[in-house]
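Report on one structure; see the data block that follows.
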Ligand SMILES: C[S@@+](CC[C@H](N)C(=O)[O-])C[C@H]1O[C@@H](n2cnc3c(N)ncnc32)[C@H](O)[C@@H]1O
Ligand code: SF4
Ligand code: SF4
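In the working numbering, the protein residues as written are 10 to 370.
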């Protein structure tokens with residue numbers, strides 16, 4: 010318990026130092042959002058994401074990851090690590106990676122398409138994590154989800170959630186859905202179904218972005234040509250309004266209310282609505298790619314170093330990192346992806362309490 014209180018106190022004070030860094034435009038804090046894109050490999054065939062077309066090559070080995078995780082842990086104390094990809098469970102050593110995180114006191118949150126969550130792998134999840142598993146299910150309608158994913162994944166996700174939940178009440182499970190033309194009318198029912206019928210703890214809605222792993226977003230009018238862009242902004246706004254109502258009634262919709270509001274504007278015209286909150290990524294975030302390159306944000310994708318050759322702490326404090334921070338200062342991108350958003354201190358405390366109650370932190 011004492012350790013948990015120390016962790017919360019450290020996170021709280023670091024959050025305030027991050028705010029001061031932003032206000033003074035000087036790097037005084039340490040990051041508290043560390044995320045890894047562990048692989049480019051993915052066997053799905055999604056229509057809104059082209060990562061599956063990438064060739065995984067020269068990716069970090071488990072030994073290289075162990076060194077990096079140890080360095081981060083030593084530098085930052087206990088922290089939450091967000092794991093995404095590609096498909097993380099497609100990585101041969103994924104469970105060794107998770108076991109190492111658990112051994113050294115790093116909490117893990119993972120996004121997965123569910124493809125490899127066989128019964129055997131669910132057993133491993135219950136042994137070593139992730140502590141928070143978010144399954145990507147874009148709508149409660151199986152045929153629509155499977156059509157977008159290009160392969161049948163819906164039943165795999167549902168079976169895995171039932172399997173995990175039936176055997177461990179303490180595992181934290183989520184569903185993440187992309188808001189697209191074909192899915193936005195379902196949003197309220199998708200949230201209700203995921204929370205009540207599947208029994209997950211959290212539902213998160215992600216605005217459609219330019220197709221991942223393409224340069225579609227270079228064109229500010231990309232959305233006019235993207236087949237998944239919701240073409241009826243009023244109807245999309247109404248569906249988001251219904252979600253706001255559900256959230257106000259206490260349903261576990263993970264997006265902050267201001268994020269749901271910002272998305273109502275975003276779907277009217279993403280190009281003319283820069284993110285409404287301050288962009289803190291250069292003072293709170295480190296993203297590590299499959300080959301070890303580190304950036305602060307996936308859009309301004311300028312590397313500040315590689316974990317194969319530089320200690321993350323030295324990168325964070327480097328002259329190059331300062332240059333990249335300067336470059337990012339005036340960025341006005343319409344930036345509403347959940348991974349770019351900061352969490353208020355209140356949200357961080359709520360999340361900490363939730364995990365403490367559920368898992369003893
Ligand atoms: C790139 S995936 C990697 C993890 C895993 N393969 C999965 O699908 O959950 C991370 C998240 O991005 C979402 N995503 C994919 N393409 C997107 C797009 N064009 N706009 C917004 N979110 C997208 C996925 O649904 C998933 O929740
Ligand atoms: S969204 Fe996930 S499952 Fe789909 S192609 Fe991208 S990485 Fe693969
Ligand atoms: S795209 Fe721009 S606004 Fe968005 S996280 Fe990156 S630097 Fe910040």
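Every residue gets a Cβ at the ideal spot worked out from N, C-alpha and C, and that includes glycine. Bear in mind the structure is a predicted one, so any value in this text is a computation, not a measurement.
Check	Outcome
Sequence-distant residues of the same chain with beta carbon closer than 8 Å to residue 256, five excluded per side	262, 264, 266, 269
Unbroken stretches of the alpha helix (DSSP H), 4 residues or longer, contained in the region 314 to 355	321 to 325, 328 to 337
For ligand 3, residues whose Cβ lies under 6 Å from any non-hydrogen atom	284, 288, 290, 306, 308, 309, 337, 340, 342, 344, 349
Stretch pair the region 285 to 294 + the region 68 to 85: three plus CB contacts closer than 8 Å	no
Residue from 47, 193, 259, 91 whose Cα sits closest to the Cα of residue 98	47
Spatial distance of residue 314 from residue 51 (CA atoms)	25 Å
Whether residue 379 touches residue 127 by CB criterion (8 Å)	With the chain covering 10 to 370 only, the question about residue 379 has no answer from this structure.
Those runs of the beta strand (DSSP E) which lie wholly inside the region 124 to 173 and span at least 3 residues	141 to 145
Proximity of residue 182 and residue 134 at Cβ, strictly below 8 Å	no
Contact belief for residue 119 with residue 142 at Cβ below 8 Å, rounded distance in angstroms	6 Å
Residue of 217, 247, 354 minimising C-alpha distance to residue 233	217
Closest by C-alpha distance to residue 24, when choosing among 88, 225, 210, 324	88
Element boundaries [beta strand (DSSP E), containing residue 214]	211 to 216
Whole-angstrom distance between residue 300 and residue 111, CA atom to CA atom	23 Å
Residue 60 Cβ short of 7 Å to ligand 2 heavy atom set	yes
Given residue 367 as reference, the closest of 204, 103, 108, 140 once Cα atoms are compared	140
Residue 90 classed as buried or exposed, judged by whether at least 16 other C-beta atoms fall within 10 angstroms	buried
Span of the alpha helix (DSSP H) around residue 186	That residue, residue 186, is in no alpha helix (DSSP H); its beta strand (DSSP E) goes 181 to 188.
Run of the alpha helix (DSSP H) containing residue 270, from where it starts to where it stops	266 to 275
With 16 other Cβ atoms within 10 Å as the buried cut-off, status of residue 162	buried
Where residue 263 falls: helix, strand or coil (DSSP)	coil
Inside the region 24 to 88 only - beta strand (DSSP E) runs reaching at least 3 residues	42 to 46
Contact under 8 Å by Cβ, residue 191 with residue 237	yes
Proximity below 8 Å, CB of residue 303 to CB of residue 316	yes
Check whether residue 26 and residue 33 have beta carbons under 8 Å apart	no
Contact set for residue 108: own chain, Cβ-Cβ below 7 Å, skip 5 residues either direction	137
Contact the region 14 to 22 vs the region 356 to 365: 3+ CB pairs below 8 Å	yes
Check: residue 141 C-beta below 7 Å from any heavy atom of ligand 2	no
Distance between beta carbons of residue 305 and residue 337, contact taken as under 8 Å	7 Å
Residue nearest to residue 95 in terms of C-alpha spacing, selected from 83, 113, 122	122
Proximity test, residue 130 beta-carbon vs ligand 1 heavy atom, cut-off 7 Å	no
Residues that DSSP places opposite residue 121 in a beta bridge	144
Nonlocal neighbours in the same chain, by C-beta distance under 8 Å from residue 329, ignoring five residues either side	313, 314
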